[in-house]
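*Asks:* Quick note on the numbering used here: the sequence shown kicks off at -11 and runs consecutively.
The structure under discussion is supplied below as structure tokens; questions concerning it will follow.
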Amino acid sequence: GTITRGQFAAFMRKFESPSLRRRRLSEERGNRLAERIDNIVLRDNEHLEYTGRSLRDRTAKQFEALEAETTRLQQETAALQRRRGDQSRNNTEPIPLALSSAAQLAQSSSKATLLASDAAIGRA
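Dropping the structure here:
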């Protein structure tokens, strides 16, 4: 009759020389180690992607909150100026500039955070 591939491999292993046996066992160990390393790298990459995504989401929410606060403060400032009856552009310039610079600062820090998280993901 015929034998299966597994039976043939077992037969060959039984009669292999010690040097061939050492080489085969070494290759099997190397393959198992490579597989474990691949699994660790895959798990780390998934963790980095998740962390980067959550960091981007959190930063976007914080930026939206800052934009909403900026808008609210601008509206409040405009309402106060209307109540005062002050229509002069010279008195209104510093506040919106300060608010817009705060928004720009928040946006630049948000972009820096996104770039850092993207770099961390790309490094893996």
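Quick reminder that beta carbons are idealized off the backbone N, C-alpha and C, glycines included.
Output the boundary residues of the alpha helix (DSSP H) element that contains Ser42.
*Replies:* Its alpha helix (DSSP H) spans residues 6 to 72.
*Asks:* In this structure, how does DSSP classify Gly(-11) when only helix, strand and coil are distinguished?
*Replies:* coil
*Asks:* Using the rule of at least 16 other Cβ atoms within 10 Å of the residue's Cβ for burial, across every protein chain shown, is Gly18 buried or exposed?
*Replies:* Burial call: exposed.
*Asks:* When the Cα atoms are used, what is the spatial distance from Thr65 to Ile28?
*Replies:* 55 angstroms
*Asks:* Going by DSSP in three states, Phe(-4) sits in which element: helix, strand or coil?
*Replies:* helix
*Asks:* Rounding to the nearest angstrom, what Cα-Cα distance links Ile(-9) and Phe(-1) in this structure?
*Replies:* Here the C-alpha atom of Ile(-9) lies approximately 10 angstroms from the C-alpha atom of Phe(-1).
*Asks:* Is the beta carbon of Arg12 less than 9 angstroms from the beta carbon of Glu23?
*Replies:* no
*Asks:* Rounded to the nearest angstrom, what separates Ala107 and Arg72 at their Cα positions?
*Replies:* 50 angstroms
*Asks:* Roughly how many angstroms separate the alpha carbons of Arg31 and Ile25, rounded to a whole number?
*Replies:* 10 angstroms
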